[in-house]
Amino acid sequence: MIKTVHTAPYQDQKPGTSGLRKKVPVFAQENYAENFIQSIFDALEGFEGKTLVIGGDGRYYNREVIQKAIKMAAAAGFGKVMVGKGGILSTPAASNIIRKYHAFGGIILSASHNPGGPTEDFGIKYNIGNGGPAPEKITDAIFTRSKVIDTYKIADVADVDLDALGSFKVAGMQVEVIDPVADYADLMEQLFDFPAIRALIASGVHVAMDSMGAVTGPYAKEIFENRLGALEGSVRNFTPLPDFGGHHPDPNLVHAKDLYDDVMSKDGPHFGAASDGDGDRNMIVGKGMFVTPSDSLAIIAANATVAPGYAKGIAGIARSMPTSAAADRVAEKLKIGMYETPTGWKFFGNLMDAGKVTVCGEESFGTGSDHVREKDGLWAILFWLNIMAARNEGVAEIVRKHWAEYGRNYYSRHDYEEVNTEAANNLMAALREKLATLPGKTFGSLKVSAADDFAYHDPIDGSVSKNQGIRILFEGGSRIVLRLSGTGTSGATIRVYVERYEPDPAKHGIDTQEALADLIAIADEISELKKRTGRDKPSVIT
Ligand code: G6P
Ligand code: ZN
1301 MIKTVHTAPY QDQKPGTSGL RKKVPVFAQE NYAENFIQSI FDALEGFEGK TLVIGGDGRY
1361 YNREVIQKAI KMAAAAGFGK VMVGKGGILS TPAASNIIRK YHAFGGIILS ASHNPGGPTE
1421 DFGIKYNIGN GGPAPEKITD AIFTRSKVID TYKIADVADV DLDALGSFKV AGMQVEVIDP
1481 VADYADLMEQ LFDFPAIRAL IASGVHVAMD SMGAVTGPYA KEIFENRLGA LEGSVRNFTP
1541 LPDFGGHHPD PNLVHAKDLY DDVMSKDGPH FGAASDGDGD RNMIVGKGMF VTPSDSLAII
1601 AANATVAPGY AKGIAGIARS MPTSAAADRV AEKLKIGMYE TPTGWKFFGN LMDAGKVTVC
1661 GEESFGTGSD HVREKDGLWA ILFWLNIMAA RNEGVAEIVR KHWAEYGRNY YSRHDYEEVN
1721 TEAANNLMAA LREKLATLPG KTFGSLKVSA ADDFAYHDPI DGSVSKNQGI RILFEGGSRI
1781 VLRLSGTGTS GATIRVYVER YEPDPAKHGI DTQEALADLI AIADEISELK KRTGRDKPSV
1841 IT
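Right under this line is the structure:
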């Protein structure tokens, strides 16, 4: 029943920030997915007889690759595969299943917030036994293997029925088709005060959740409408579709604008939330208030003990370097550890495994905790509802009071997408050359206190990650960060992050872009961004 197939290697299967991501036509090339899956298995050791979790965000090509992965896992010697019904598992739910059932690891099929469809993106990612993305040591080994692979093994059997729950054998390996939602919804019910949230909703707080035609639909329906009593229809775009119904499933002010506008309208919902293709990102809006992901992390950390799962307090907080320092002020006040890591959720894994941090967040709409080892969109949304219920306050009130207590970190990110790769690399190189000359210089009223290329020394395993983004720090806490995106699929994306700390509550109502205008101009002056890229404005501002 096991077939050995001869294959030719591809040279471009290097996993990026979050697994291997390519357009569907690339994945559809002969043996392309098979080569990569076999390279994953070849890079691992000791999985014989153990369990592999498989699931994806339901995007185009999900089912095809799941069939291949199941048959190849059987051929490789796994003892069991647990696969979500319909091939569905959100990224945080997959992380939970791996942990809860002590699986050896998991294969998650997703390209996160990128569009889906026959000519759009697809992705394959391997997660290890702690439920988190494989560390670089493993992804490097997968890439090395993929460049020389010449055979793969696959069970020569009929396709598995993914649409009915059940347990059966495939070429001697057990396959269990599981309910993708139940375990995850149960976990959320343990962590959060569902009776309080239920009462908040029953009192007339109108909640709108936009699943953007992607994976969180069934999860959100079960949690918000079935378990928390939200009105039917509270969850929008709830059917996971292969092309996400044409949505670009990235929850931000550009792609979730309909929801934002609805919440801002007079009779619209009081609370709005959205999540991305695979369910790990989140966006939170309240009446008159968009919550920046950086503020969201700080506010969740400051109020964490209202949720039963965090009643004992949090051990520490971690944020990616470009994320604003709002959470740092909370950590200072709580007298707990604060960690600054490079961009990418995988850097939080060691800190969580070592018990150093409980909550983590990134400016890229990611928030989560040590309940799993991925960021978790619905978790963040439920945390906000739990805080609202416990404080009996709306989003805007909670945010304004937080600023009044801790000060406000004005924050914005300007993205320049699809920039010529050489121009982007030259810009960064020129900036690096300049770094040593910047400290002490003044730009307008701002004086540079330090400038460097961020390097991370992992306090747990001692590994060092260099060149993680240029930081220009000013006296008084203002900051400019520039880095190249690690997730784009065409050309280079330059990200400029600007931040200014304002302690005075009388000055907390300024428009963000206005409050940051001087820093934005300085960023351009120092990096020569407009001149070098030929762009006069960013493609996206968040
Ligand atoms: C993915 C990762 C995040 C990371 C983000 C940054 O979503 O899961 O952890 O923050 O990419 O992407 P960038 O394009 O800025 O490299
Ligand atoms: Zn995602």
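For the sequence shown, the numbering used here assigns the number 1301 to the initial residue and increments by one for each residue that follows.
Here a beta-carbon is modelled for each residue, glycine too, at the ideal position from N, C-alpha and C.
In three-state DSSP terms, what is residue 1708? strand
Length of the line joining the Cα atoms of residue 1830 and residue 1590: 29 angstroms
Residues near residue 1685 in its chain [Cβ-Cβ closer than 6 angstroms; skip 5 each side]: 1497
Checking the sheet assignment: what are the DSSP bridge partners for residue 1612? BP columns for residue 1612 are empty, so no partner.
I believe residue 1823 touches residue 1798 by the beta-carbon criterion, under 8 angstroms. Please report the beta-carbon distance rounded to the nearest angstrom. 6 angstroms
Just to check, is the beta-carbon of residue 1664 closer than 6 angstroms to a non-hydrogen atom of ligand 2? no
On the premise that residue 1786 lies in contact with residue 1643, defined as a C-beta separation below 8 angstroms, what is that separation, rounded to the nearest angstrom? 7 angstroms
Using a C-beta cutoff of 7 angstroms, does residue 1509 count as contacting chain D? Of the protein chains in the structure, only one exists, and it is not chain D.
Residue span of the alpha helix (DSSP H) that contains residue 1566, given as start and end: First-last for residue 1566: undefined, no H or E at that position.
I'd like the span of the beta strand (DSSP E) that includes residue 1354, first residue to last. 1351-1356
Taking the alpha-carbon positions, what's the residue 1546 to residue 1552 distance? 16 angstroms
For residue 1638, three-class secondary structure by DSSP: strand
What separation, rounded to the nearest whole angstrom, lies between the Cα atoms of residue 1456 and residue 1372? 9 angstroms
When every heavy atom of ligand 1 is checked, does at least one fall within less than 6 angstroms of the C-beta of residue 1318? yes
Element boundaries [alpha helix (DSSP H), containing residue 1341]: 1332-1343
Compute every distance between the C-beta of residue 1412 and the non-hydrogen atoms of ligand 2, then say whether any falls below 6 angstroms. yes
For residue 1531, which beta-bridge partners are listed by DSSP? BP columns for residue 1531 are empty, so no partner.
Please give me, in chain order, every unbroken run of the beta strand (DSSP E) with length at least 3 that falls completely inside the stretch 1475-1540. 1507-1510
DSSP state of residue 1825 mapped onto helix, strand, coil: helix
Residues in the same chain with beta-carbon distance under 8 angstroms from residue 1350, minus the five sequence neighbours each way, listed in chain order, please. 1378, 1379, 1380, 1403 and 1404
With respect to the beta strand (DSSP E) encompassing residue 1802, which residues constitute its N-terminal and C-terminal limits? 1792-1802
Quick one: measure Cβ to Cβ for residue 1415 and residue 1570, integer angstroms, because I've assumed they're closer than 8 angstroms. 30 angstroms between Cβ atoms; not a contact.
What ranges does the alpha helix (DSSP H) occupy inside the stretch 1677-1753, keeping only unbroken runs of at least 4 residues that lie completely in it? 1677-1691, 1695-1706 and 1721-1734
Which same chain residues, not among the five before or five after residue 1603, have their C-beta less than 6 angstroms away from its C-beta? 1687
Top-ranked residue by Cα proximity to residue 1835, from 1746, 1720 and 1368: 1720
Any heavy atom of ligand 2 inside 6 angstroms of the beta-carbon of residue 1421? no
Whose CA, out of 1724, 1780, 1732 and 1722, lies closest to the CA of residue 1747? 1780
Three-way DSSP call (helix, strand, coil) for residue 1837 in this model: coil
Quick check on DSSP: helix, strand or coil for residue 1372? helix
To the nearest angstrom, report how far apart residue 1311 and residue 1483 are at their CA atoms. 39 angstroms
Do residue 1307 and residue 1453 come within 7 angstroms of each other at the CB atom, strictly closer than that value? no
Member of 1628, 1675, 1630 and 1385 whose CA lies at the smallest distance from the CA of residue 1648: 1675
Taking the CB atoms as reference points, tell me whether residue 1292 and residue 1557 lie closer together than 7 angstroms. Outside the displayed span of the chain (1301 to 1842) sits residue 1292, for which this structure offers no information.
Taking the alpha carbon of residue 1428 as the point to measure from, which residue in 1357, 1341 and 1562 has its own alpha carbon closest? 1341
Under 7 angstroms, do residue 1618 and residue 1651 count as touching if we go by C-beta distance? yes
Rounded to the nearest angstrom, how far is the Cβ of residue 1325 from that of residue 1419, given a contact under 8 angstroms? 7 angstroms
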